[in-house]
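Working notes, beginning with the structure itself.
In this note's numbering, the protein residues as written are 48 to 394.
So, in structure tokens, the structure goes:
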């Protein structure tokens, strides 16, 4: 699998689980005879492994944290090149998302839908904690790997206190994704003008991925300073753990909070983000599979206090009626596809 060799990898990922059509996203788990993984064409075929230890919760997120996963693997892995009857093009993750940008918001994204459902409650709770922890001061929030601005819009729309000045910054390495974000967010930013400011920047968000250990992990963005909070959704899948959390630590001011979501290992072991272009070719970047416990351990190793975690499986009600996920989620019912952790930079 081709690893990116220039600007690093930051964006929202998406997976869809039907037979691919042109300009649709996909996972490598199609349930037909040409499935990329053969007998692994349904996630329920994954055999259980070790139990993940329960993490003691220490904050308001304790009540929301779900039970530890039933399945786990101790080693993170890079997704292997699957066998497929459909032509597959392996390119850098940056190129993948530049090409994907035009249809990214409209190609039916199952994991994004789950992310949106969970953030309906989890993100407001997180932002309330941020607002309470910065009482009497201006607030700075950063969307790390903002993609097309799906969750940057949620940051702008949050009911911030009118007497607080809020700065919202979105960083991404894909110019194509940021162009979509700018068009989407500009009207909302104008509505919020007065106490909420928006800034979008294209940059190398994780400078230490391909640089020496002596390189600064802080993204090179003019006048960017450490912030009170970072949101990073469905980005971690594409970044090695150490560079991810090193940059996250650098971006946060002391006492700052971060909410990180990612594809669950139960899904990642048999799936990979990508899309089918207009020529009918599957386009793929690079993906890593991390268990919840690996992520928690990496965050602690980087110096964070882990305040909470949450996991989410696909449920029947997500598809039934006017369910937010739709028909493409049926094969994932009962499978954990998403998780989140909340961390704090120690003072």
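We put the beta carbon where it would ideally sit given N, CA and C, even for glycine.
- In the DSSP assignment, the residues bridged to residue 352 are 391.
- Under a 10 Å Cβ-count criterion, residue 264 is classified as buried, with 16 or more other Cβ atoms of the shown protein chains found around its own Cβ.
- Per DSSP, residue 222 lies in no beta strand (DSSP E) segment; the continuous alpha helix (DSSP H) that holds it begins and ends at 222-239.
- Taking residue 384 as reference, the option from 161, 156, 275 and 256 with the minimal CA-CA separation is 161.
- Nearest C-alpha to residue 335 among 313, 170 and 166: 313.
- Put simply, the backbone Cα of residue 294 is about 14 Å away from that of residue 306.
- As a beta-bridge residue in DSSP terms, residue 219 pairs with 249.
- Within its own chain, the residues whose Cβ lies closer than 6 Å to the Cβ of residue 152, once the five positions on either side in sequence are excluded, are 195, listed in chain order.
- For residue 187, same chain residues with a beta-carbon under 6 Å away, outside a window of 5 residues either side, are 214, 274 and 275 in chain order.
- The closest CA to that of residue 219, considering only 250, 227 and 236, is found on 250.
- Of the residues assessed, residue 287 falls on the buried side of the cut-off, its CB having 16 or more other CB atoms within 10 angstroms.
- Within its own chain, the residues whose Cβ lies closer than 7 Å to the Cβ of residue 242, once the five positions on either side in sequence are excluded, are 207, 209, 211, 212 and 213, listed in chain order.
- The C-alpha of residue 191 lies about 11 Å from the C-alpha of residue 299.
- Residue 380 and residue 181 have their C-alpha atoms roughly 40 Å apart.
- With distances taken between CA atoms, residue 364 lies nearest to 164 out of 164, 135, 142 and 150.
- Note that the C-beta distance between residue 189 and residue 225 is not below 7 Å.
- Assignment of beta-bridge partners to residue 309 by DSSP yields 386.
- Cβ-Cβ separation between residue 140 and residue 333: approximately 5 Å, consistent with a contact (criterion under 8 Å).
- Only residues of its own chain outside the window of five on either side were considered, and among them 250, 251 and 254 have a CB closer than 8 Å to the CB of residue 267, listed in chain order.
- Under DSSP, the beta-bridge partners assigned to residue 187 are 214.
- Shown here for residue 147: same chain residues with a beta carbon closer than 6 Å to its own, the five before and five after excluded, namely 322 in chain order.
- A straight-line Cα-Cα distance of about 27 Å links residue 301 and residue 338.
- Nearest in C-alpha terms to residue 229, of all of 245, 393, 184 and 240, is 245.
- Excluding sequence positions up to five before and after residue 200, its CB lies within less than 8 Å of the CB of 231, 232 and 235, all in the same chain and listed in chain order.
- If you draw a 10 Å sphere on the C-beta of residue 156, you find 16 or more other C-beta atoms in it, and that means buried.
- A direct Cα-Cα distance of roughly 9 Å separates residue 377 from residue 367.
- The three-state reading of DSSP puts residue 276 in strand, counting E and B together.
- When the five nearest sequence neighbours on each side are left out, the beta carbons in the same chain lying within less than 7 Å of the beta carbon of residue 370 are those of 364, in order along the chain.
- Here residue 358 is buried: its Cβ has 16 or more other Cβ atoms, across all protein chains shown, within 10 Å.
- At least 7 Å separates the beta-carbon of residue 355 from that of residue 394.
- Boundaries of the beta strand (DSSP E) harbouring residue 329: 329-331, taken from the DSSP string.
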